[in-house]
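Reviewing the structure listed below.
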Amino acid sequence: MGRAKARLPWFGRSMVEHVVAQLASAVDEIIVVGSAFLDLPEMPVRIVRDRDPERGPLAGLREGLEAIRSEFAFVTSTDAPYLTGSFVSAMLDRETPCAPVAEGRVQVLCAVYPAAAWKEAERLLDAGIGRPLRLLEALDFEAVDFEGPVPSPPWFGFNHPQAYLECVRALDSGASAELEFGDCAALALKGQRHRVPVGTLGEILARWPETQRLVADGYLSPAFMASLGEHDRARDLSVPVGPGECVKIIDERSSRNSKPRGVPGRVGESDR
Numbered sequence: 006m007g008r009a010k011a012r013l014p015w016f017g018r019s020m021v022e023h024v025v026a027q028l029a030s031a032v033d034e035i036i037v038v039g040s041a042f043l044d045l046p047e048m049p050v051r052i053v054r055d056r057d058p059e060r061g062p063l064a065g066l067r068e069g070l071e072a073i074r075s076e077f078a079f080v081t082s083t084d085a086p087y088l089t090g091s092f093v094s095a096m097l098d099r100e101t102p103c104a105p106v107a108e109g110r111v112q113v114l115c116a117v118y119p120a121a122a123w124k125e126a127e128r129l130l131d132a133g134i135g136r137p138l139r140l141l142e143a144l145d146f147e148a149v150d151f152e153g154p155v156p157s158p159p160w161f162g163f164n165h166p167q168a169y170l171e172c173v174r175a176l177d178s179g180a181s182a183e184l185e186f187g188d189c190a191a192l193a194l195k196g197q198r199h200r201v202p203v204g205t206l207g208e209i210l211a212r213w214p215e216t217q218r219l220v221a222d223g224y225l226s227p228a229f230m231a232s233l234g235e236h237d238r239a240r241d242l243s244v245p246v247g248p249g250e251c252v253k254i255i256d257e258r259s260s261r262n263s264k265p266r267g268v269p270g271r272v273g274e275s276d277r
């Protein structure tokens with residue numbers, strides 16, 4: 006994806022804020038598990054940091070289950086545009102470990118787990134097992150079968166930029182972003198702002214042939230950087246630009262030349 010899914014813009018708020026809003030209509034307690042390097046917006050949630058992000062989703066699931074006070078927890082990913090509070094409530098009302106099964110696949114990140122299952126998750130992790138499905142199987146979970154194609158499935162997520170952009174366009178075919186050319190001395194476009202349809206960074210820049218001198222092999226050249234909102238910076242042209250987002254193309258040489266001596270540059274999360 007090239008950027009944190011939780012911070013992807015989603016029609017006036019971030020993706021994680023959208024998911025939290027759906028959960029808030031169904032539950033009294035919300036826990037967001039994230040890495041130590043992920044900056045999250047202010048939300049009515051408890052944030053728990055994942056101690057072992059390299060061990061995969063089961064490690065994050067363990068963190069959340071250990072922290073929650075309710076007997077059962079509904080677990081979802083942060084990139085769930087079609088999740089609804091009514092679906093969450095219906096799943097929790099079963100009061101048993103359960104997960105949707107669609108087209109033969111168990112949706113482990115759209116499921117109900119007992120809070121006490123964090124101990125079993127810990128045991129599995131210690132045994133070198135990192136798949137949440139193994140935890141559900143150990144809990145003898147109830148399969149909630151969905152037959153045939155499911156329109157707008159609540160477990161749908163984004164595995165690549167085009168999936169995210171297609172979802173955005175399906176909800177609003179006219180979704181747009183703003184592109185600003187900053188202090189780009191190499192371009193006659195310097196200082197200009199343009200309203201553009203959502204797309205990848207590469208698709209958006211391709212609207213101006215003169216920008217092609219800034220790119221090579223799928224990336225912005227080392228002298229240039231794209232700033233996306235407050236947190237993300239990117240050179241990868243496959244990075245998605247979402248609805249309402251402002252992207253600024255920066256000439257890093259100009260930025261370095263204008264920086265006071267002795268003031269170090271801030272390293273963004275994507276550079277860590």
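All residue numbers for the sequence shown refer to this note's numbering, where the first residue is 6 and numbers rise by one.
Glycine residues also receive a C-beta, built at the ideal position from the N, C-alpha and C atoms.
Computed from a prediction, not measured in an experiment: that's the story for all the values here.
Meets three-Cβ-pair contact criterion under 8 Å: the region 81–91 and the region 127–135:
no
Could you tell me whether the region 26–36 touches the region 65–76, using the rule of 3 or more Cβ pairs below 8 Å?
yes
Let me know the secondary structure DSSP gives Asp333 once reduced to three states.
The requested residue 333 is not part of the displayed model; the chain covers only 6 to 277.
Is the number of C-beta pairs between the region 97–105 and the region 56–71 that are closer than 8 Å three or more?
no
For a quick check, are the C-beta atoms of Ala239 and Gly65 less than 8 Å apart?
For the purposes of this step, residue 239 is taken as the residue at position 234 of the sequence shown. For the purposes of this step, residue 65 is taken as the residue at position 60 of the sequence shown. No; because the gap between Cβ atoms is not below 8 Å, this pair is not in contact.
CA-to-CA distance, Ala104 to Phe151, given in whole angstroms:
The residue you call residue 151 lines up with position 146 of the sequence shown. The residue you call residue 104 lines up with position 99 of the sequence shown. Taking the straight line from one Cα to the other gives about 10 Å.
In terms of residue numbering, what span does the alpha helix (DSSP H) encompassing Val24 cover?
The sequence position of residue 24 within the sequence shown is 19, counting from 1. Element bounds for Val24: Met20 to Ala29.
Where does Ser178 land, buried or exposed, given buried means 16+ other C-beta within 10 angstroms?
As a position in the sequence shown, residue 178 is number 173, starting the count at 1. The residue is exposed, with fewer than 16 neighbouring Cβ atoms inside 10 Å.
So if DSSP puts Ile255 in a beta bridge, which residue, or which two residues, is it bridged to?
By one-based count along the sequence shown, residue 255 stands at place 250. DSSP output for Ile255 lists Met230 as bridge partner(s).
Whole angstroms is fine: what's the gap from Ala168's alpha carbon to Leu242's?
As a first step, residue 168 is located in the sequence shown; it is residue number 163 there, counting from the start. As a first step, residue 242 is located in the sequence shown; it is residue number 237 there, counting from the start. Distance between the alpha carbons of Ala168 and Leu242 is about 16 Å.
To the nearest angstrom, report how far apart Pro14 and Phe163 are at their CA atoms.
Taking the first residue of the sequence shown as position 1, residue 14 is located at position 9. Taking the first residue of the sequence shown as position 1, residue 163 is located at position 158. Approximately 13 Å between the Cα atoms of the pair.
Helix, strand or coil, according to DSSP, for Val93 in the structure here?
Reading the sequence shown from its first residue, position 88 is the one you call residue 93. Val93 falls in the helix class under three-state DSSP.
Sheet register partners of Leu3 (DSSP bridge):
For residue 3 there is no data in the structure shown, the boundaries of the chain being 6 and 277.
What is the DSSP secondary structure of Leu184, reduced to helix, strand or coil?
For the purposes of this step, residue 184 is taken as the residue at position 179 of the sequence shown. Three-state DSSP puts Leu184 in a strand.
Just how far apart, CA to CA, sit Phe161 and Val246?
Here the question's residue 161 lines up with position 156 in the sequence shown. Here the question's residue 246 lines up with position 241 in the sequence shown. Cα to Cα, Phe161 sits roughly 20 Å from Val246.
Do Leu144 and Ala122 come within 8 Å of each other at the CB atom, strictly closer than that value?
On the sequence shown, residue 122 is found 117 positions in, with the first residue counted as 1. On the sequence shown, residue 144 is found 139 positions in, with the first residue counted as 1. Cβ distance < 8 Å, so Ala122 and Leu144 count as in contact.
Does the beta-carbon of Ser19 have 16 or more other beta-carbons within 10 angstroms, so that it is buried, or is it exposed?
By 1-based counting over the sequence shown, the position of residue 19 is 14. Answer is buried; the Cβ neighbour count reaches 16.
Our contact map puts Ala29 next to Pro49 with C-beta atoms below 8 Å; I'd like the distance itself, whole angstroms only.
Indexing the sequence shown from 1 puts residue 29 at position 24. Indexing the sequence shown from 1 puts residue 49 at position 44. Rounded, the Cβ-Cβ distance is 7 Å, consistent with contact.
Which of helix, strand or coil does DSSP assign to Gly69?
In the sequence shown, the residue the question calls residue 69 occupies position 64. It is helical.
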